[in-house]
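A.B. asks:
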């Protein structure tokens with residue numbers, strides 16, 4: 017009689033475990049739907065973030081190119097200004113040595129100006 021009670025108790029415990037496992041598996045299915053929905057929303061937000069990042073990188077690249085163009089234009093303007101100043105000094109030079117130094121400076125400055133214009137024309141399409 018004692019064996020029957022033990023077997024019955026073990027069967028009841030096993031049945032109880034089966035009921036608990038069944039309940040957990042069915043209730044986890046609804047949790048799985050919530051998790052899946054959260055994963056899908058996260059994927060959508062990630063895709064939006066990637067697009068925003070790509071657009072920002074493209075804008076940054078354009079800004080860098082514009083900055084380089086402005087830098088080259090600034091260098092050209094500086095060399096043109098220096099050239100005008102040196103031409104003025106040459107016209108107003110008092111002695112031969114000063115005149116020669118100014119002519120050398122003018123020659124170097126004009127060479128740099130031509131190089132800057134070529135770089136601007138080839139690399140960035142600046143027409144000047």
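In my numbering, the protein residues as written are 17 to 144. We put the CB at the ideal spot given by N, CA and C, even for glycine.
Taking C-beta to C-beta, are residue 88 and residue 120 nearer than 8 Å?
C.D. replies: Your numbering for residue 88 matches position 72 in the chain shown. Your numbering for residue 120 matches position 104 in the chain shown. In this structure, residue 120 does not lie closer than 8 Å to residue 88 by Cβ.
A.B. asks: Rounding to the nearest angstrom, what Cα-Cα distance links residue 102 and residue 134 in this structure?
C.D. replies: Here residue 102 refers to the residue found at position 86 of the chain shown. Here residue 134 refers to the residue found at position 118 of the chain shown. So the alpha carbons of these two residues sit roughly 22 Å apart.
A.B. asks: Roughly how many angstroms lie between the CA atoms of residue 72 and residue 86, to the nearest whole one?
C.D. replies: For the purposes of this step, residue 72 is taken as residue 56 along the chain shown, with counting starting at 1. For the purposes of this step, residue 86 is taken as residue 70 along the chain shown, with counting starting at 1. Rounded to whole angstroms, residue 72 to residue 86 spans 21 Å at the Cα level.
A.B. asks: Please report the distance separating the alpha-carbon of residue 21 from that of residue 40.
C.D. replies: Along the chain shown, one-based indexing puts residue 21 at 5. Along the chain shown, one-based indexing puts residue 40 at 24. Taking the straight line joining both Cα atoms gives about 28 Å.
A.B. asks: Return the CA-CA distance between residue 64 and residue 25, expressed in angstroms with no decimal places.
C.D. replies: In the chain shown, counting from the first residue as 1, residue 64 sits at position 48. In the chain shown, counting from the first residue as 1, residue 25 sits at position 9. The alpha-carbon separation between residue 64 and residue 25 amounts to approximately 58 Å.
A.B. asks: Under the three-state reduction of DSSP, which class applies to residue 98: helix, strand or coil?
C.D. replies: What you label residue 98 is simply residue 82 of the chain shown in a count that begins at 1. The answer is helix: DSSP assigns residue 98 an H, G or I state.
A.B. asks: Just the Cα atoms here: how many angstroms apart are residue 34 and residue 55?
C.D. replies: For the purposes of this step, residue 34 is taken as residue 18 along the chain shown, with counting starting at 1. For the purposes of this step, residue 55 is taken as residue 39 along the chain shown, with counting starting at 1. Looking at the two C-alpha atoms, the distance is approximately 30 Å.
A.B. asks: State buried or exposed for residue 139, treating a residue as buried only when at least 16 other CB atoms are found within 10 Å of its CB.
C.D. replies: Counting from 1 along the chain shown, the entry for residue 139 is found at position 123. Looking at its Cβ environment, which holds fewer than 16 other Cβ atoms inside 10 Å, residue 139 is exposed.
A.B. asks: Leaving out the 5 sequence neighbours to the left and right, which residues in its chain are closer than 8 Å to residue 125 when beta-carbon positions are compared?
C.D. replies: Start at 1 with the first residue of the chain shown, and residue 125 comes out as number 109. Hits under 8 Å: 95, 98, 99 and 102.
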